[in-house]
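This report concerns only the one structure given below.
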Amino acid sequence: MSSSTTVTDGPELQEYDPEAPGPAISVPDSGDTGEGGKLKMIVQLLKKCLGVKDIAAMRLSLPASLLEPIPNLEYWHYLDRPDLFAAINDSDDPFERMLAVIRFTFTKDLKFIRGKPCKPYNSVLGEHFRCTWDVIPVKYPSDPRAPPINRTYVAPVSSENTSSAGSQRIIAPRLMQSQSETASVKSIKSTKSAKSARSGFSFMSSVGWSTPATSPPLSETNLEADMSNLSLTHSSSENIIEEDEEASSEPRVRIVYLTEQISHHPPISAYFAACPSRHLELTGIDQISAKVSGTTVRVGPGSFNKGIFIRITGGPGEGEMYRVTHPVAQVNGILRGNFYVTVGDSTIITCSGGKGNDKLRTIIEYKEESWLGKPHYALEGVIHTYTEGESEVEEWTKVKHVPQTRVVAVFEGSWRGVIRWRRASSAYSAPTTPAASQSYLSAATSLLSSSHSSSESSASSSRSDLSGATANASGASEWATLLDLTPLHVVPKSVRPLEKQLPDESRKLWQDVTANLLKKEYSEATKHKHAIEQKQRDDAAERKRKGVEFVPKYFEKDIESGIPVLTAEGRKQIEHELQEPASYPVEGKTEKQEAS
Numbered sequence: 001m002s003s004s005t006t007v008t009d010g011p012e013l014q015e016y017d018p019e020a021p022g023p024a025i026s027v028p029d030s031g032d033t034g035e036g037g038k039l040k041m042i043v044q045l046l047k048k049c050l051g052v053k054d055i056a057a058m059r060l061s062l063p064a065s066l067l068e069p070i071p072n073l074e075y076w077h078y079l080d081r082p083d084l085f086a087a088i089n090d091s092d093d094p095f096e097r098m099l100a101v102i103r104f105t106f107t108k109d110l111k112f113i114r115g116k117p118c119k120p121y122n123s124v125l126g127e128h129f130r131c132t133w134d135v136i137p138v139k140y141p142s143d144p145r146a147p148p149i150n151r152t153y154v155a156p157v158s159s160e161n162t163s164s165a166g167s168q169r170i171i172a173p174r175l176m177q178s179q180s181e182t183a184s185v186k187s188i189k190s191t192k193s194a195k196s197a198r199s200g201f202s203f204m205s206s207v208g209w210s211t212p213a214t215s216p217p218l219s220e221t222n223l224e225a226d227m228s229n230l231s232l233t234h235s236s237s238e239n240i241i242e243e244d245e246e247a248s249s250e251p252r253v254r255i256v257y258l259t260e261q262i263s264h265h266p267p268i269s270a271y272f273a274a275c276p277s278r279h280l281e282l283t284g285i286d287q288i289s290a291k292v293s294g295t296t297v298r299v300g301p302g303s304f305n306k307g308i309f310i311r312i313t314g315g316p317g318e319g320e321m322y323r324v325t326h327p328v329a330q331v332n333g334i335l336r337g338n339f340y341v342t343v344g345d346s347t348i349i350t351c352s353g354g355k356g357n358d359k360l361r362t363i364i365e366y367k368e369e370s371w372l373g374k375p376h377y378a379l380e381g382v383i384h385t386y387t388e389g390e391s392e393v394e395e396w397t398k399v400k401h402v403p404q405t406r407v408v409a410v411f412e413g414s415w416r417g418v419i420r421w422r423r424a425s426s427a428y429s430a431p432t433t434p435a436a437s438q439s440y441l442s443a444a445t446s447l448l449s450s451s452h453s454s455s456e457s458s459a460s461s462s463r464s465d466l467s468g469a470t471a472n473a474s475g476a477s478e479w480a481t482l483l484d485l486t487p488l489h490v491v492p493k494s495v496r497p498l499e500k501q502l503p504d505e506s507r508k509l510w511q512d513v514t515a516n517l518l519k520k521e522y523s524e525a526t527k528h529k530h531a532i533e534q535k536q537r538d539d540a541a542e543r544k545r546k547g548v549e550f551v552p553k554y555f556e557k558d559i560e561s562g563i564p565v566l567t568a569e570g571r572k573q574i575e576h577e578l579q580e581p582a583s584y585p586v587e588g589k590t591e592k593q594e595a596s
C-alpha cells in the first residue's frame with residue numbers, strides 16, 4: 001500500500017441494497033452452547049466461505065451464541081493505549097515524535113495481545129458510538145533513549161514494584177479490564193456523581209468467541225452495571241496497577257472518540273478522535289477485506305481504508321501528518337478452537353507536512369511465521385529520511401529496500417513483547433535541539449543525493465560521513481528499549497449512561513441483545529438481533545422505494561481520500577464529549593466544567 005498521503009480513487013460507495021450481495025449465509029444454531037457446539041458452527045461457516053473473494057462484504061447471519069456482548073463500533077478502535085497517543089506531540093525533536101508514533105502503532109491493537117479475537121455485533125447503517133478517556137500523562141525517564149513511563153493500567157514488572165503498593169493503586173485480576181468509572185477501586189472509596197455517570201467495559205474474550213460466565217447473576221434492569229463489570233480479557237493471575245498514586249492529583253488528559261457506520265454494503269465506518277490539549281487528531285476509515293485460506297482467515301484493509309491519519313494541529317509538530325498503514329493479519333487456530341492472531345506484510349509510517357521538506361518515514365516489517373512450531377511474532381524495522389514529493393520511496397516496503405545512506409535508526413523484537421532500537425551508526429547521537437535535528441535530516445538528504453548512484457562501498461563511506469557530522473563518544477549505537485508491551489493493559493473507555501444515549505448509539509441500540517447474552521439467554525438474544533437486522537432491511541427497502549439516499553449524520557459522505565471529514569453535527573458531538581463532567585482535573589477544562 002502506498003505510503004503517500006495522496007491516495008487514488010476507490011470504488012464507488014453505494015447505498016445498501018437489501019437484495020445485495022445475495023442471500024445471507026447463515027449457520028443454524030445447534031442448540032449446544034458449549035465450546036464443542038460453537039466450534040462445530042464455526043467449521044460449518046468456514047466451509048460455506050471457502051472460495052469467497054471477500055467474506056467481509058458478505059451477508060452473514062450468525063446465531064447470537066457465537067457473538068460477544070459488544071457492538072462492533074465499540075470494539076474496533078485504535079486507542080487501547082490513549083496515553084501513548086496523547087504523548088505523540090510531547091517532544092520538540094521530529095525524530096522523537098516519530099518514535100512516539102511507532103509506540104502508538106504497536107499499542108493501538110493491544111486487545112489482540114491481552115485477549116483473543118472475538119465476533120462483536122455487526123454494525124447497522126447510521127449506528128454510532130462515542131466515548132472518552134481521561135488518562136494520566138506518561139512520564140519521561142532521565143535516559144533520552146528509554147521509552148516513556150506509563151502510569152496507568154500496567155502490571156507490576158517486579159516484586160519490588162509490587163511491594164511499593166503504597167504509591168500505586170493495585171486492582172485485582174478480575175477487575176483488570178472491566179474497570180469502569182462505576183467499578184473502580186477509587187470510586188468504591190470515594191464516589192462522585194460524575195464518576196458514576198459514565199461506564200466502560202472491555203472487549204476481549206479469554207476463550208475466543210465464547211461468552212464468559214458472570215458472577216454474581218446479572219440483572220437485565222441493571223445493564224449498565226453488567227457491562228461495567230463484564231470482563232472479556234484474557235485471564236491473568238497478576239495484579240494490575242490502575243494508577244500511580246503519585247499522579248493522583250495531576251491533571252488528566254482527555255481524548256474523545258466518535259465513530260459512525262456510514263455504509264452497510266460494503267461495511268464501512270468512519271472515525272475521529274482528538275486530544276485538543278495536546279493538539280492531536282486521529283481519523284480514518286475502517287473497512288476490512290477477509291478471506292478464508294486453508295484453516296485461517298486472512299484479514300487486510302479494504303479499498304476505502306487508506307490507513308490511520310494523525311494530525312498535529314499545534315505545539316512542536318504543528319502541521320505534521322502521520323499516515324500509518326495497516327498490515328495483513330491472520331486468525332489462526334480455528335479448527336482447534338484456540339484462536340490467535342499473527343501479522344504479516346508491513347506497516348508504513350510516513351510523516352508529511354510541518355517544517356521543511358526533509359522528513360522521516362518508518363517501515364515495520366513483520367516476519368513470516370513458519371508452518372511448523374509456535375509463532376514468534378517477530379519484526380524488524382527501519383526509520384529513514386526522505387524528501388516530500390519523492391515517489392521512489394513508495395516502493396520501499398521492506399527493510400532491505402532502504403539504502404543504507406538513508407537509515408537513521410533500526411529496531412527489532414516481538415510485537416507482543418519487547419522491541420529494541422538503536423541509531424544506525426555508533427558515532428551518531430541524538431540531536432539535542434529541534435534545529436539540530438532538522439539539520440541532521442537535511443544533512444542526511446544531502447548526502448543521499450550525492451551518493452544515490454554510487455556503489456555499495458561509496459554508500460558505506462557516505463554513511464560514515466553522515467555519522468561523523470554529529471559524532472560523539474557516548475556509544476549511541478547500543479540497543480535501547482523502544483517499547484515493552486509486557487506490562488501494558490488496555491485502558492478502559494468512559495461512556496455516557498444508557499438513559500443519556502440516542503436510539504442509534506451502539507450500547508442503546510443493542511442493549512436487549514447484550515442483556516440476554518450476559519444472561520446466556522441465547523434464543524432471546526437472537527430474537528432481538530433479528531429484529532434489529534430486519535428493521536435495517538425494511539429501512540433500506542423504504543429508501544430505495546422513495547429514491548432517497550442514506551446520508552451519514554456525523555461525517556461527510558465523500559471518503560475517497562481515506563480521511564473522513566466531520567459534519568457540523570459531528571463537531572458538535574465531539575464538543576459535547578469534551579464538555580462531559582470529569583472526576584479529576586483535566587487539561588483545558590475549568591473547575592466549573594469539571595464539577596458540572
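Residue numbers (full-length UniProt numbering): 1 to 596. All C-beta atoms, glycine included, are put in the ideal place defined by N, C-alpha and C. The structure presented is a predicted model; accordingly, all values stated were derived computationally and were not measured.
Integer-rounded CB distance, given that Arg151 should sit under 8 Å from Asp244: Confirmed, about 4 Å.
For Arg298, the first and last residue of its enclosing beta strand (DSSP E): Annotation for Arg298: the continuous beta strand (DSSP E) segment containing it runs Thr296 to Pro301.
Beta carbon of Leu488 nearer than 8 Å to that of Val154: Yes, these two residues count as a Cβ contact at 8 Å.
Pair within 8 Å by beta-carbon distance, Ala424 and Val408: Between Ala424 and Val408, the C-beta gap is smaller than 8 Å, which places the two residues in contact.
Classification of Lys66 by the beta-carbon crowding that lies within 10 angstroms, buried from 16 upward: It should be pointed out that residue 66 corresponds to Leu in this sequence rather than to Lys. By the neighbour-count criterion, in which 16 or more other beta carbons inside 10 Å mark a residue as buried, Leu66 falls on the buried side.
Delimiting residues of the alpha helix (DSSP H) encompassing His530: For His530, the uninterrupted alpha helix (DSSP H) run begins and ends at Tyr522 to Lys546, by DSSP.
Those residues which DSSP pairs with residue 612 across a bridge: Residue 612 is absent from the structure shown; the chain starts at 1 and stops at 596.
Member of Val393, Leu485 and Thr107 whose CA lies at the smallest distance from the CA of Thr362: Out of Val393, Leu485 and Thr107, the CA that lies nearest to the CA of Thr362 is found in Val393.
Given Val331 as reference, the closest of Phe304, Gly300, Ile308 and Thr313 once Cα atoms are compared: In this structure, Gly300 is the residue among Phe304, Gly300, Ile308 and Thr313 with its C-alpha nearest to the C-alpha of Val331.
Candidates Ser303, Leu483 and His128: closest to Trp76 by CA position: When each option's Cα is compared against that of Trp76, the closest is His128.
Spatial distance of Ala273 from Lys572 (CA atoms): Cα to Cα, the separation comes out at about 13 Å.
With 16 other Cβ atoms within 10 Å as the buried cut-off, status of Val94: In the sequence under discussion, the amino acid at residue 94 is Pro, which differs from the Val named in the question. With 16 or more other Cβ atoms within 10 Å, it is buried.
Coil, strand or helix - Pro71 by DSSP: Strand at Pro71.
Counterpart residues of Pro267 in DSSP-defined beta bridges: Answer by DSSP bridge pairing, in chain order: His264.
Exposed unless 16 or more other CB atoms sit within 10 angstroms - verdict on Gly317: Buried, since its Cβ has 16 or more Cβ neighbours within 10 Å.
Close beta carbons around Arg130, own chain, < 7 Å, minus the five adjacent residues each side: Counting only residues of its own chain and dropping the five nearest sequence neighbours on each side, Arg130 has a CB closer than 7 Å to the CB of Tyr257, Leu258, Gln573 and Glu577.
Integer Cβ distance of Ile348 from Thr397, believed to fall under 8 Å: Ile348 to Thr397, Cβ: 7 Å. Contact.
Residue of Phe112, Arg406, Tyr340 and Gly344 minimising C-alpha distance to Thr486: Just measuring C-alpha positions, the residue of Phe112, Arg406, Tyr340 and Gly344 sitting nearest Thr486 is Phe112.
First and last residue of the uninterrupted beta strand (DSSP E) at Gly344: It spans Tyr340 to Gly344 - the beta strand (DSSP E) in which Gly344 sits, taken as one unbroken run.
Strand pairing of Asp484, partner residues [DSSP]: Answer is Val418, bridged to Asp484.
Through-space distance from Glu533 to Ile268, alpha-carbon basis: The alpha-carbon atoms of Ile268 and Glu533 are separated by roughly 16 Å.
Residues near Leu417 by beta carbon distance below 8 Å, same chain, minus five either side: Residue identity check: residue 417 is Gly in the sequence provided, not Leu. Taken in chain order, the residues that qualify are Tyr377, Asp484, Leu485 and Thr486.
Span of the alpha helix (DSSP H) around Ile574: Where Ile574 is concerned, the enclosing alpha helix (DSSP H) stretches over Ala568 to Leu578.
Through-space distance from Lys508 to Lys557, alpha-carbon basis: If you take the alpha carbons of Lys557 and Lys508, they lie about 24 Å apart.
Gly284, buried or exposed, once every other Cβ within 10 Å from all chains shown has been counted against 16: Buried, since its Cβ has 16 or more Cβ neighbours within 10 Å.
Segments assigned alpha helix (DSSP H), at least 4 residues, entirely inside the stretch 98-153: With a minimum length of 4 residues, the continuous alpha helix (DSSP H) runs that stay inside the stretch 98-153 are 111-114.
Inter-residue Cα distance where the pair is Arg589 and Asn72: For the sequence presented, residue 589 should be read as Lys rather than Arg. Lys589 and Asn72 have their C-alpha atoms some 31 Å from each other.
Where Asp512 falls: helix, strand or coil (DSSP): It is helical.
Three CB pairs or more closer than 8 Å across the stretch 489-498 and the stretch 79-87: With a cut-off of 8 Å on Cβ pairs, the stretch 489-498 is in contact with the stretch 79-87, counting three or more such pairs.
Whole runs of the beta strand (DSSP E) within the stretch 363-412, excluding any shorter than 3 residues: Within the stretch 363-412, the complete beta strand (DSSP E) runs of at least 3 residues are 378-387.
In DSSP terms, what Thr259 is bridged to: When beta bridges are read from the DSSP output, Thr259 appears opposite Phe129 and Tyr271.
Ile308 vs Trp133 beta-carbon contact at 8 Å: For Ile308 and Trp133, no; Cβs fall outside 8 Å.
Backbone CA spacing between Tyr322 and Thr313 [nearest angstrom]: CA-CA distance, Tyr322 to Thr313, rounds to 12 Å.
CB of Pro552 within 8 Å of CB of Glu260, strictly: Annotated as proximal: Pro552 and Glu260, with beta-carbon spacing under 8 Å.
Exposure label - Glu365; buried when at least 16 CB within 10 Å: Counting Cβ neighbours within 10 Å, Glu365 comes out buried, since at least 16 surround it.
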